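A short worksheet on the structure shown next.
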Amino acid sequence: MFDAEFQKLASADQTEFARVVNVLLLKSFIVRDMFDTRERAMKINPDYRFLERFYDLVNSYLKYAGWTLDKDVLNGVFTLSNSYESNRLRLDRETSLLLFTLRLVYENEKNQSTQTGESIYMTTPALIKTMLDYGITLSGKKLSGRLIGRGLRFLTTHNIIAKVSGSYDEGNVSFYILPSIIYAVDNAKIVAMAEALEQLKTLEGGETDL
Numbered sequence: 087m088f089d090a091e092f093q094k095l096a097s098a099d100q101t102e103f104a105r106v107v108n109v110l111l112l113k114s115f116i117v118r119d120m121f122d123t124r125e126r127a128m129k130i131n132p133d134y135r136f137l138e139r140f141y142d143l144v145n146s147y148l149k150y151a152g153w154t155l156d157k158d159v160l161n162g163v164f165t166l167s168n169s170y171e172s173n174r175l176r177l178d179r180e181t182s183l184l185l186f187t188l189r190l191v192y193e194n195e196k197n198q199s200t201q202t203g204e205s206i207y208m209t210t211p212a213l214i215k216t217m218l219d220y221g222i223t224l225s226g227k228k229l230s231g232r233l234i235g236r237g238l239r240f241l242t243t244h245n246i247i248a249k250v251s252g253s254y255d256e257g258n259v260s261f262y263i264l265p266s267i268i269y270a271v272d273n274a275k276i277v278a279m280a281e282a283l284e285q286l287k288t289l290e291g292g293e294t295d296l
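Just so we're on the same page, the numbering used here is the position in the sequence shown counted from 1, plus 86.
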């Protein structure tokens, strides 16, 4: 039983248990490597290590409320999902397109790398260029760092990207795309998005068959 196993934990671990579970419920993802703002480098995430140690206990606790904690050791990601889909978020169009673009970038970079679970460094200007290259626009608005800053802030809050430097309000953020993004947007959706963008490019280029 959960209660009996929980009582065996040291007092400090019980406190940490409550804190880490709350982080999970707020963010849905906990990744192995996070950017340490003090040391200015990617470091092992202590929350991830805690979940490694007490995975069975945490999962047992969460299941009472219909939650499931999945672990991807290869990519270094813990993902929280709910059988009632209570943690699904409805994103606005701008944030959705931003997320899809970052997922495309991550997939392309991952295919060129021999490593798994690595984070991809990105800057706001590079992201804007990528969106323009893919023909992604935001409802007729001119793409700018400030315009996409709000979406980047949201993705940081949910452990999908990790901010390195800059300001969201000023639109000059640099960040890492975290491997959790593969669970935020699944492969089927990214393939469909890529195909739709390719068709759009073809139409704009006047290469349609009549």
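Positions of the beta carbon are idealized from the N, C-alpha and C atoms, including for glycine. Quick caveat, the model's predicted, so the values are computed rather than measured.
Bridge partner(s) assigned by DSSP for residue i
i, result
"F164", "I116 and K157"
"D122", "A127"
"M217", "The partner list for M217 (beta bridge, DSSP) is empty, contrary to what the question assumes."
"S225", "Answer by DSSP bridge pairing: none, since S225 is not bridged."
"M208", "F261"
Neighbour flag for residue i against chain C, beta carbons, 8 Å
i, result
"L143", "Considering every chain present, this structure includes no chain C. It has just one protein chain."
Short Cβ contact (8 Å threshold) for residue i with residue j
i, j, result
"S230", "N245", "no"
"T165", "Y269", "yes"
"I206", "Y192", "yes"
"L184", "I234", "yes"
"L224", "E180", "yes"
"V106", "L137", "yes"
"S169", "F88", "no"
"V259", "T210", "yes"
"V250", "F92", "no"
"R189", "V271", "yes"
"Y141", "K157", "yes"
Three-state class that DSSP yields for residue i in the structure shown
i, result
"S230", "coil"
"K249", "strand"
"L95", "coil"
"T294", "Because T294 sits at a pLDDT of 30, beneath the cut-off of 50, its placement in the model cannot be relied upon, and the following sentence gives the value as read from the coordinates. Looking at T294 - three-state DSSP - the assignment turns out to be coil, as it is neither helix nor strand."
"E171", "coil"
"Q198", "coil"
"M87", "coil"
"R176", "coil"
"S266", "coil"
Residue nearest to residue i in terms of C-alpha spacing, selected from the options
i, options, result
"L178", "F115, N258 and F240", "Rather than Leu, the amino acid found at residue 178 in this sequence is Asp. Closest by alpha carbon: F240."
"N108", "R124, S97, L264 and V144", "V144"
"Y134", "L238, F103, F186 and G152", "F103"
"Y323", "S167, D158, N197 and L95", "It is not possible to answer for residue 323, since the shown part of the chain is limited to 87 through 296."
"R232", "D255, L110 and N273", "D255"
"E171", "S114, D122 and S97", "S114"
"L175", "I214, G257 and L111", "L111"
"A248", "T101, N131 and A96", "N131"
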